[in-house]
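Asks: Handing you this structure, nothing more for now.
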Amino acid sequence: MLDIAFIRDNPELVKQGMLQKGEKKTELIDQVLELDSSWRKSTHLLDELRSKSNATSKMIGSLMKEGKKEEAESARKETAALKEQIKELETEEQTLLEKRNELLLYIPNVPHPSVPVGKSDADNLVHATWGELLPKSWRRPHWDIISEMGWIDFDRGSKVTGAGFPFYIGAGARLQRALINFFLDEAVQAGYTEIQPPYFVNEDSARGTGQIPDKEDMMYTVPRDGFFAIPTAEVPVTNYFRKEIIQEAELPVKMAAYTPCWRREAGSYGKDVRGLNRLHQFDKVELVKFVHPETSYSELESLRQDAENLLQKLGLSYRTLLMCTGDMGFTQTKKYDLEVWSPGQERWLEVSSCSNFESFQARRMMVRYKDKNGAVSILHTLNGSGLALPRVVAAILETYQQEDGRVRVPEVLKPYINREYL
RNA sequence: GGAGAGAUGGCAGAGCGGUCGAAUGCGUCGGUCUUGAAAACCGAAGACUCGCAAGGGUCCGGGGGUUCGAAUCCCUCUCUCUCCGCCA
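Read left to right, the first sequence gives residues 32 to 453 (the numbering used here).
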C-alpha cells in the first residue's frame, strides 16, 4: 500500500497513476483523504481527553499516598464522565482508521516515470531480443513431443486431480529436476541464498504481498485452517521479514526459492492452456530481493539480467518487454517480462516477470531497515522468476527437437542429465 | 490429540496494581586513553502515531475485561517449551 502521507501530499499524482493503470475509480483517493482527516480530528481530540485522564489518575495516585482520602475520592468521581467520553471516541476513532486503511488496500502502486503509458499488452515496449527465431517448418509443438515420448501425462493428471495437474514421467520428470537444480545453482552463484519456504501461507502473508484483496481468486484455499496454497514463492519468501527491522549493512538481502505454485487460473481457455502453456500446478524458482530504496531500480536491472542469463545459458531465444502502465498490475512500479520463443507454436511465452514494488509490499508487511544513525525506514522489495518451468520446458523441447523426433539435452543441463538426448 | 509451563526492548533477563517505555547483563553506537587495536572508564540508543512547533497519545505475544490507574489481576485466542500419545 502507499504511504498515507504521500497520498496527502500528492493526491493528483496518485490519481494519475491509477488512471494510467486503467483503474478509473479515482474518487477512492478523495474518500481516503476525507476519512483520513476525520480520523486525525478524532485522534487529536481523543489524545487530549486521554492526556487529561492520565493526569488525574496520576494525581489520584499521589493524593492517596499523601493520605488525602477525600480529595482523591472526589477526583475519582470526576473521571467517570471523562471515561465515558473516551470510550465513545475510541470506537469512533478506530472505525475511521479501519475504514481508511481498508480503502488504502485498494489503491494501486504508482508507476515509475520510466514506464511507458499504455492500455494493454499492445503498448508494451520490446526492450531487447536475444537469439534467432527458429521457424516452425518441420518442428512440432511440445504437446506432440510429450505425448509421443510419454514424458508428461495430462490425462492421468486429470483423473487423479483435475485438468492442469499433470504427471511428469521418466525423462520428463528428470528434466524438471535438472532445471530446478540448474536454476538454483545459478542463483546461488549469483549471490542469492537458497531458501525452502512453506507452501501454504496464512491470510496476513497473502495480504502482505498484495494477493489479498487484489488477486484473492487466483489462490487455492484451505478454509479449515485458514491457509492459502502459494501462487508463487514470492509470498512466503517476501513475508520472511514481516514486521522486522533489518540492519542497513545487511542489504541487499537476496533469496532464491524453488516451490511448486498453485493458481486457479479461472477463465483461461483455448490455445493458452494447451499443453504446458498454462497449468494449475507448476514449478518455479523465484528470486526475491530486499534492498535499500536508493538502489531498487539498479537492483531491478540486475535481477532482470540474472533471469536473462538463465535463458541465454539454456540457448533459448527470448525477448524482454518493458510493461506499459496498463499491463503492469496493482502492486508494481516497474516490470519486465521475459518471453521465450516457442518455435513449435510460433509464439512468445512468458517465463519470467521481474518487478520493483518499491515500498508497496514492505509497508504492508512493515519490513524496515535501520541506518547507521538509528533512523528506521521502509525498504524496497523486488522479485522475479528465475524461472517458471513449464514454458521453459516447452521451449526446450521445441527448440532442441531433431527431425528424427529425438530431443537434445542443452549443454548446461548435461551435468544434471548425463546424456546427449532426453 | 491429552497434561503442564511460559510469551517483557537486538539478545538474555528482572519487574507481580501508581513515580515502569520498563532494572541489570551482553551486544550496538559515540567519546576518553592508545602509534593503532584490545581492555578499562565515561556517555548514548526502542517502535508507531498526531502536531508547524511546544507537546500529546499508543505499544511489555493478539483481542476483550476489572480499576481513577494494568507489564503486573481476570477471560479468551495464538505461538513456544516440557511430558504422554501418534507418526514420515
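C-beta atoms are modelled at their ideal positions from N, C-alpha and C, and glycine is treated no differently.
Computed from a predicted model, the values in this text were never measured in an experiment.
#1: Could you give the first and the last residue of the continuous beta strand (DSSP E) run that contains Tyr367?
#2: Answer with buried or exposed for Ile183, where buried requires no fewer than 16 other C-beta atoms within 10 angstroms of its C-beta.
#3: Please return the same chain residues whose Cβ sits closer than 6 Å to the Cβ of Ala159, not counting the five positions on each side in sequence.
#4: Can you give me the start and stop residues for the alpha helix (DSSP H) that Gly195 sits inside?
#5: So is Asp256 buried or exposed if we call it buried at 16+ other beta carbons inside 10 Å?
#6: Take Arg378 as the anchor and find which of Glu429, Phe313, Gly92, Ser329 has the nearest alpha-carbon.
#7: Hey, which unbroken runs of the beta strand (DSSP E) at 3 residues or more fall wholly within the region 134-166?
#8: Write down every uninterrupted run of the alpha helix (DSSP H) in the region 225-280 whose length is 4 residues or greater and which is fully enclosed by it, in chain order.
#9: Measuring straight from C-alpha to C-alpha, what distance separates Ser105 and Lys96?
#10: As a quick exercise: from Ser88, Lys445, Ser333, Glu65, pick the residue whose alpha carbon is nearest that of Gly415.
#11: Helix, strand or coil, according to DSSP, for Glu451 in the structure here?
#12: Using only CA atoms, which one of Leu310, Gly357, Phe388 lies nearest to Ser327?
#13: Please work out which residues of its chain come closer than 6 Å, Cβ to Cβ, to Ile60, disregarding the five sequence neighbours upstream and downstream, and give them in chain order.
#14: Grouping DSSP H, G and I as helix and E and B as strand, with all else coil, what is Tyr328?
#15: Contact check, Gly162 vs Tyr349 under 8 Å by CB: the rounded distance?
#16: Please report the distance separating the alpha-carbon of Ser151 from that of Gly357.
#17: Starting from Lys96, trace the alpha helix (DSSP H) in both directions and tell me its first and last residue.
#18: Within its chain, find whatever has a CB closer than 8 Å to the CB of Arg399; leave out the 5 residues flanking it on each side and keep chain order.
Replies: The structure says:
#1: Residues 365-373.
#2: Flag for Ile183 reads buried.
#3: Sequence-distant partners of Ala159 (beyond 5 residues in either direction) whose C-beta falls short of 6 Å from its own C-beta, in its chain, are Thr351.
#4: Where Gly195 is concerned, there is no enclosing alpha helix (DSSP H), given that its DSSP letter is neither H nor E.
#5: Exposed, by the Cβ-count rule.
#6: Of Glu429, Phe313, Gly92, Ser329, the residue nearest in Cα terms is Glu429.
#7: Along the region 134-166, the beta strand (DSSP E) occurs as fully enclosed runs of 3 or more residues at 156-161, listed in sequence order.
#8: Those alpha helix (DSSP H) runs which fall completely within the region 225-280 and span 4+ residues are 234-239, 265-269.
#9: Between Ser105 and Lys96, the alpha-carbon positions lie close to 15 Å from each other.
#10: Nearest of Ser88, Lys445, Ser333, Glu65 to Gly415, Cα basis: Ser333.
#11: Coil.
#12: Comparing Cα-Cα distances from Ser327 to each of Leu310, Gly357, Phe388, the minimum goes to Phe388.
#13: Setting aside the 5 residues that flank it on each side, Ile60 is surrounded in the same chain by Pro42, Val45, Lys46, each with a C-beta closer than 6 Å to its C-beta; the list follows chain order.
#14: Taken through DSSP and simplified to helix, strand or coil, Tyr328 comes out as helix.
#15: So it is a contact: roughly 7 Å between Cβ atoms.
#16: Spanning the two alpha carbons is a distance of roughly 5 Å.
#17: Taken as a continuous stretch (DSSP letters only), the alpha helix (DSSP H) holding Lys96 covers 58-97.
#18: Cβ within range, chain order: Glu275, Ile276, Ile277, Ala393, Val407, Ser408, Ile409, Leu410.
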